[in-house]
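**Student:**
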Amino acid sequence: MGRGEGLGGLQHNFLTGNLEAAVKWARRNSMWPATFGLACCAIEMMATGASHFDLSRFGMEVFRASPRQADLMIVAGRVSQKMAPVLRQVYDQMVEPKWVLSMGVCASSGGMFNNYALVQGIDQVVPVDVYAPGCPPNPQTLLHSILTLHELVRTGQILRRPGTGAGIRVDEQGGGERVPVHVATPR
Amino acid sequence: MADVELRHGVPETRALGQVVLHPPRGAYRDVVAGLRQEGFTMCVDVTAVDYLTHPGRSGLPPGVAPERFEVVVTLLSFERRERLRLRVQVPEHDPVLDSLYDLHPSSEAPEREVFDMFGVAFEGHPDLTRILMPEDWEGHPLRKDYSVGRIPVQFKAAGAPR
Amino acid sequence: MTSTERVYPGAITSEGAQELAARGASTAAELLREQGSVLRLSEVAAAEQADRAGPEDETMIINMGPQHPSTHGVLRVMLELEGETVLRTKPIMGYLHTGMEKTGEDLTYLQGATNVTRMDYASPFFNELVFSLATEALLEVDIPPRATWIRMLMCELNRISSHFLFLATNGMDLGAISMILYGWRERDMVLQFFEKTTGLRMNHNYVRPGGVAVDLPDGWRDDVLRLLDALPSRLEEYDDLMTGQPIWRGRTQGIGLLTPEEAVALGATGPILRSTGVPWDLRRDLPYLAYDQVDFNVVVGSYGDVFDRYAIRLNEIRESIDIVRQIVDRMPGGDYRVQDRKITPPPRARIDESMEALIHHFKIFTEGFRVPEGEVYVAVESPRGELGCYLVSDGSGKPYRLHIRGPSFYNLQTLPHMMRGGLIPDAVAVISSVDPIMGEVDR
Ligand code: SF4
Chain L
1 MGRGEGLGGL QHNFLTGNLE AAVKWARRNS MWPATFGLAC CAIEMMATGA
51 SHFDLSRFGM EVFRASPRQA DLMIVAGRVS QKMAPVLRQV YDQMVEPKWV
101 LSMGVCASSG GMFNNYALVQ GIDQVVPVDV YAPGCPPNPQ TLLHSILTLH
151 ELVRTGQILR RPGTGAGIRV DEQGGGERVP VHVATPR
Chain P
1 MADVELRHGV PETRALGQVV LHPPRGAYRD VVAGLRQEGF TMCVDVTAVD
51 YLTHPGRSGL PPGVAPERFE VVVTLLSFER RERLRLRVQV PEHDPVLDSL
101 YDLHPSSEAP EREVFDMFGV AFEGHPDLTR ILMPEDWEGH PLRKDYSVGR
151 IPVQFKAAGA PR
Chain H
1 MTSTERVYPG AITSEGAQEL AARGASTAAE LLREQGSVLR LSEVAAAEQA
51 DRAGPEDETM IINMGPQHPS THGVLRVMLE LEGETVLRTK PIMGYLHTGM
101 EKTGEDLTYL QGATNVTRMD YASPFFNELV FSLATEALLE VDIPPRATWI
151 RMLMCELNRI SSHFLFLATN GMDLGAISMI LYGWRERDMV LQFFEKTTGL
201 RMNHNYVRPG GVAVDLPDGW RDDVLRLLDA LPSRLEEYDD LMTGQPIWRG
251 RTQGIGLLTP EEAVALGATG PILRSTGVPW DLRRDLPYLA YDQVDFNVVV
301 GSYGDVFDRY AIRLNEIRES IDIVRQIVDR MPGGDYRVQD RKITPPPRAR
351 IDESMEALIH HFKIFTEGFR VPEGEVYVAV ESPRGELGCY LVSDGSGKPY
401 RLHIRGPSFY NLQTLPHMMR GGLIPDAVAV ISSVDPIMGE VDR
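Residue numbers (this note's numbering), protein chains in the order written: chain L, 1 to 187; chain P, 1 to 162; chain H, 1 to 443.
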C-alpha cells in the first residue's frame, strides 16, 4: 500500500465485508447432507438427489455416509423407538455447525402412525430446524425446505445459544457450567 | 363329527374356498411333517391372532375348542399349486407351541415375530428372542389388551379414534 | 469361482453324496441347521462383542448398520469375520417397526389401504392390491373388469419402477455409480404417470376395496405408450453399461450362491427363488386378477447368484413392458369400481343434489362399511416375491387382525447362507441383490 495514498494505491480489486457474512455464505453453499434414510421418504430424498431433480444445483449432491463429514442431517422417514438412540448417536457424531431437517410427517409428528412403536416427532430426540410437510414430501417440497434452511443459514447467526437448535453449540451438553455466548442480535 | 372331513387325522374345513386344517396343539408338528411329505414344501407364513375380544370366532369345526391365541400357518405346494392353512389353538395360560424350525427353517423369523408380538413361545426354536421391538421392551404389542399407545395430539378435537 | 463350479451343499453330507430324495423328504432343512451360517447371538451380546476381536484373536464381530449406506435403509447386519471372510451372519431388523398391523386394526377398511401402502414403499400398489383383494374376498364382491385391468396396469408399471429402483441401488452398491442416475431417470418417467393418475408419486392409496379411486386420466393411453416406447432402448443402455461388462460380471457372478432346496426351505420367493431355477410366479401359477388372460414369460435363472438376480429383474422389466402393451390394447370400458351402495361412495355429482347421497358419503368415510365375519389369506406376486395378506374380520367396520406377509422379511433369512464364505464386498453385493425393503420387513 502506497503511503499516504489510502486505498487508491492498491494494485488489485477487492471486496470488503464482514467475516460473518462470508462464513454464512460458505456454509450455505456447501452444505453436505448425511444420509439418514429410513422409510418411504428416503426414496424421495434419493429421487431429489438423482438426475431429475438434481440436488447438486445447490451444492448438496454429496451425501455423506459418515456423519462426521456432514453438516445437515435429513431425517427422512419414521423413527421407531428402536431407532431413536441411533438417531441421537448419529446426530452427536456430526460436527458443529449442524442442522437437522425433518422430512415427512412421520419424522415431524409421527404422522398417521400414532402408536406405541414410533417416536411422535423427532424433535423429542434432536433439535430440528426445518420441517418438511407431506407424506412423502415430493422432491419439490424437499427442495423448498432446503432452500428455506439455506435462507435461515444466510440470515441467522453464526453463533447461537445452546438449545435453540442450529448453529454452534459452545458448551458441552450437560457437562459443567454453561458458558454464556455473547450474540449481537438475540432472537 | 360326521360332517367334518379329516385329513391327517385332524378336521378340515373350507373358508371362502381355502382349505383350513385345525390340528390340536400336540399333533401340530406331526401334521405339518405329514403335509411336507405330501408336497407342501414351503412354509409361507406363520402368524397369530389374539381372540381376546372376539372369542366366538367363525370357521371352527365342532370339536375344536376355541382358545385365546390362534397360530396360523400357511403352507404352499409347488407341485400341486395349492395353499393350505393351519389354525392351531393355543391357550392363554400356557402359550407354548412346537417350533417348525426343524421342518421348515423359513419359520425362524416369523416365529420370533409371533413371540415378540403375542408372547407365544415356540419349543425347539434355536433363537427365540424379540425381533422387531427392542430387547428390553415390555409387553407384546399385538395382544388385544395392549393399547395402541396413542399419545394425545392437541389439535385433534374429536375424541373418537380416527 | 466361476459360476460353473457350483457347489451344492446338499450334495455332500456325512452319509456321503445323496440323491435328491422325494420333495418332501429333502434334507435341506436339516442341512441348513448343520451349516451354522447364522450367528446365534442376542443383539445385546453382539453389541458388547462388537468391533472387538474374539478371545483367540481369530474372529471378530462387526456391526453393519443400522445406519449404513449399503444396507438399504435400516437393516443391521452382524457379521462374524475371519480376516475379511464372512463366517456367520445375523440380520437384525425392527429399526423401522411402525406398528402398522396394530394401527390397521384401528382403521376402517377404506382407510386400511392408506396404511398398508406405506409398508413396501417401492411397490405401494401391490400392498393396496393385496389388502383390497383380501377385503373383497371377505365381502364376496366381484369387481368390474375395468377395475381389474386398471389394477393390473398400475401394478405392472409399478413392477417396472420398483425394478428400476433396484437397478439403480444395486449399481450404486457395487460401484457403478452412474446407474443411480440412469435408474432414477427411468423411474421418474413412470412416477410421472402415477402422479398424473393418482395425484401422488408414492403411497398412492389408489387401489381400494371395491375397485380403484379414480378412473385413468384422459390421454393415459398415449402417456403409457410413450413410456413403453422409450424404455426398451434404455434397457439396452443398461446391458451395455453392466450386463456385458467384465467388472460387473466379476463382482456378481458366482457370488452369493443359493440352491433351490435352500431357497424353498428358507421361504424365499420372487426373484431370489427364481434365480435358483425354480419357475414359480404367482401370476402364472396361482393367477389372480386377469393374469391368466395375458401372455408373459416367467424369467428364471440357473445359478442362484447375484448376477442371476440382477438379470432376472432386468428381464422382468421387459416382460412387464410386454404385459402393459397387452393391457393397453385390451383395456375394457365400464365402471372403475363396483356399484355396490354398501361399499362404494356415491359419485361426486350426486352429493351436490341429494341429501341422502351426502349422508351416505359421510357414513362411508366416517364409519366405513361392515365386513362379514371370516378369515382369508390372499397373496400376490410383488416385485420382491409373495406378498400375502391375512385378514380376520369380526363383522365390524375394522379388521380384527391385519397381517401382511412381506416377502423381504423371509428373503432376508437367506442372507447368512448366501454370505457365508464370501468377502465383505460380496456381502454388500448380496444384501443389494436381495433388494429388501425394510418397511415391509418391520411393518
Ligand atoms: S411421512 Fe409418509 S412417506 Fe414419509 S416415512 Fe412417513 S409414511 Fe413414509
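Idealized CB from N, CA, C, for every residue including glycine.
1) Any heavy atom of the ligand SF4 inside 7 Å of the beta-carbon of residue 421 (chain H)?
2) Measuring straight from C-alpha to C-alpha, what distance separates residue 292 (chain H) and residue 94 (chain P)?
3) Which runs of the alpha helix (DSSP H) fall wholly inside the segment 301-346 of chain H and span at least 4 residues, in chain order?
4) In the DSSP assignment, what residue or residues form a beta bridge with residue 36 (chain L)?
5) Considering just the uninterrupted stretch of the beta strand (DSSP E) at residue 404 (chain H), what are its terminal residues?
6) With DSSP collapsed to three states, give me the class of residue 91 (chain L).
7) Residue 53 (chain L) and residue 143 (chain L): beta carbons closer than 8 Å?
8) On the criterion of 16 or more Cβ atoms from any shown chain inside 10 Å, does residue 417 (chain H) qualify as buried, or is it exposed?
9) Would residue 436 (chain H) count as contacting chain P if we go by Cβ distances under 8 Å?
10) Quick one: what's residue 13 (chain P) bridged to in DSSP?
11) Would you verify that the beta carbon of residue 13 (chain L) is, or is not, closer than 8 Å to some beta carbon of chain P?
12) Taking the alpha-carbon of residue 129 (chain H) as reference, which of H:161, H:203, H:178 has the nearest alpha-carbon?
13) Which word fits residue 514 (chain H), buried or exposed, when buried means at least 16 other C-beta atoms lie within 10 angstroms of its C-beta?
14) Check this for me: beta carbons of residue 134 (chain H) and residue 380 (chain H), under 8 Å apart or not?
15) Given a limit of 7 Å on CB to CB distance, which residues of the segment 70-82 of chain L reach chain P?
16) Could you check where the beta strand (DSSP E) with residue 44 (chain P) kicks off and where it finishes?
17) What does residue 377 (chain H) pair with, by DSSP beta-bridge criteria?
18) Check each residue of the segment 35-51 of chain L: if its Cβ is closer than 9 Å to any Cβ of chain H, include it; give the result in chain order.
19) Under 8 Å Cβ to Cβ from residue 180 (chain P), same chain only, skipping five residues before and after it: list those, please.
20) In this structure, how does DSSP classify residue 103 (chain L) when only helix, strand and coil are distinguished?
21) Whose CA, out of H:177, H:419, H:148, lies closest to the CA of residue 446 (chain H)?
22) Where does residue 82 (chain L) fall in DSSP's three states?
23) Does the Cβ of residue 411 (chain H) have 16 or more other Cβ atoms within 10 Å, making it buried, or fewer, making it exposed?
24) Go through the residues and name those whose CB comes closer than 6 Å to any heavy atom of the ligand SF4, in chain order.
25) Using the rule of at least 16 other Cβ atoms within 10 Å of the residue's Cβ for burial, across every protein chain shown, is residue 217 (chain H) buried or exposed?
26) Can you tell me where the beta strand (DSSP E) holding residue 84 (chain P) begins and where it ends?
27) List, in order along the chain, the chain H residues whose C-beta lies closer than 7 Å to that of residue 136 (chain L)?
28) May I ask which residues mark the beginning and end of the beta strand (DSSP E) holding residue 69 (chain P)?
29) For residue 167 (chain P) and residue 266 (chain H), I'd like the C-alpha separation in whole angstroms.
30) Let me check one thing: in DSSP terms, what residues is residue 150 (chain H) bridge-paired to?
31) Identify the continuous alpha helix (DSSP H) that holds residue 130 (chain L) and give its terminal residues.
32) Please work out which residues of its chain come closer than 8 Å, Cβ to Cβ, to residue 321 (chain H), disregarding the five sequence neighbours upstream and downstream, and give them in chain order.
33) Is the number of C-beta pairs between the segment 54-65 of chain L and the segment 75-89 of chain L that are closer than 8 Å three or more?
34) Is residue 211 (chain H) helix, strand or coil when you go by DSSP?
35) Looking at the unbroken alpha helix (DSSP H) that takes in residue 194 (chain H), where does it start and where does it end?
36) Whose CA, out of H:177, H:372, H:328, lies closest to the CA of residue 223 (chain H)?
**Tutor:** According to the structure data:
1) For the purposes of this step, residue 421 (chain H) is identified with residue 421 of the third sequence, where counting begins at 1. No, Cβ of residue 421 (chain H) sits at least 7 Å from all heavy atoms of the ligand SF4.
2) Stepping through the third sequence from its first residue, residue 292 (chain H) is reached at position 292. Stepping through the second sequence from its first residue, residue 94 (chain P) is reached at position 94. One C-alpha to the other measures close to 46 Å.
3) 306-330
4) Along the first sequence, one-based indexing puts residue 36 (chain L) at 36. DSSP lists L:75 as partners of residue 36 (chain L).
5) Taking the first residue of the third sequence as position 1, residue 404 (chain H) is located at position 404. 399-405 is the extent of the beta strand (DSSP E) around residue 404 (chain H).
6) The count along the first sequence starts at 1 and reaches residue 91 (chain L) at position 91. Three-state DSSP puts residue 91 (chain L) in a helix.
7) In the first sequence, the residue the question calls residue 53 (chain L) occupies position 53. In the first sequence, the residue the question calls residue 143 (chain L) occupies position 143. Cβ atoms of residue 53 (chain L) and residue 143 (chain L): closer than 8 Å.
8) Position 417 of the third sequence, counting from 1, holds the residue named residue 417 (chain H). Label assigned to residue 417 (chain H): buried.
9) As a first step, residue 436 (chain H) must be located in the third sequence, where it is residue number 436. Not an interface residue.
10) Here residue 13 (chain P) refers to the residue found at position 13 of the second sequence. In DSSP, residue 13 (chain P) forms a bridge with P:20.
11) The sequence position of residue 13 (chain L) within the first sequence is 13, counting from 1. So no, residue 13 (chain L) is outside the interface.
12) Indexing the third sequence from 1 puts residue 129 (chain H) at position 129. Per the Cα distances, H:203.
13) As shown, chain H starts at 1 and ends at 443. That puts residue 514 (chain H) outside it, with no answer to give.
14) Indexing the third sequence from 1 puts residue 134 (chain H) at position 134. Indexing the third sequence from 1 puts residue 380 (chain H) at position 380. In this structure, residue 380 (chain H) does not lie closer than 8 Å to residue 134 (chain H) by Cβ.
15) 81, 82
16) Taking the first residue of the second sequence as position 1, residue 44 (chain P) is located at position 44. First-last of the beta strand (DSSP E) with residue 44 (chain P): 42-50.
17) Taking the first residue of the third sequence as 1, we reach residue 377 (chain H) at position 377. Note: residue 377 (chain H) sits in a beta bridge opposite H:390.
18) 35, 36, 37, 38, 39, 40, 41, 42, 43, 44, 46, 47, 49, 50, 51
19) The question about residue 180 (chain P) has no answer here: the residues shown for chain P are numbered 1 through 162.
20) Taking the first residue of the first sequence as position 1, residue 103 (chain L) is located at position 103. It is a strand residue.
21) With chain H covering only 1 through 443, there is no way to say anything about residue 446 (chain H).
22) Your numbering for residue 82 (chain L) matches position 82 in the first sequence. Coil, per DSSP.
23) As a first step, residue 411 (chain H) is located in the third sequence; it is residue number 411 there, counting from the start. By the 10 Å Cβ count, residue 411 (chain H) comes out buried.
24) L:39, L:40, L:41, L:77, L:78, L:104, L:105, L:106, L:111, L:135, L:136, H:118, H:203
25) As a working note, residue 217 (chain H) is residue 217 in the third sequence. Classification of residue 217 (chain H): exposed, given that the 10 Å Cβ count is below 16.
26) Counting from one through the second sequence, the residue named residue 84 (chain P) turns up at place 84. Start and end: 82-90.
27) Within the first sequence, the letter at position 136 stands for residue 136 (chain L). Simply 202, 203.
28) In the second sequence, the residue the question calls residue 69 (chain P) occupies position 69. 69-77 is the extent of the beta strand (DSSP E) around residue 69 (chain P).
29) Since the first residue of chain P shown is 1 and the last is 162, residue 167 (chain P) is not available in this structure.
30) Locating residue 150 (chain H) in the third sequence gives position 150, counting from the first residue. DSSP output for residue 150 (chain H) lists no bridge partner at all.
31) Start at 1 with the first residue of the first sequence, and residue 130 (chain L) comes out as number 130. No alpha helix (DSSP H) contains residue 130 (chain L), which is instead part of the beta strand (DSSP E) from 130-132.
32) Locating residue 321 (chain H) in the third sequence gives position 321, where the first residue counts as 1. 160, 228, 231, 232, listed in sequence order.
33) no
34) Here residue 211 (chain H) corresponds to residue number 211 of the third sequence, with the count starting at 1. In this structure, residue 211 (chain H) counts as strand in the three-state DSSP scheme.
35) Indexing the third sequence from 1 puts residue 194 (chain H) at position 194. Where residue 194 (chain H) is concerned, the enclosing alpha helix (DSSP H) stretches over 178-198.
36) Here residue 223 (chain H) refers to the residue found at position 223 when the third sequence is read from its first residue. The candidate whose alpha carbon is nearest that of residue 223 (chain H) is H:328.
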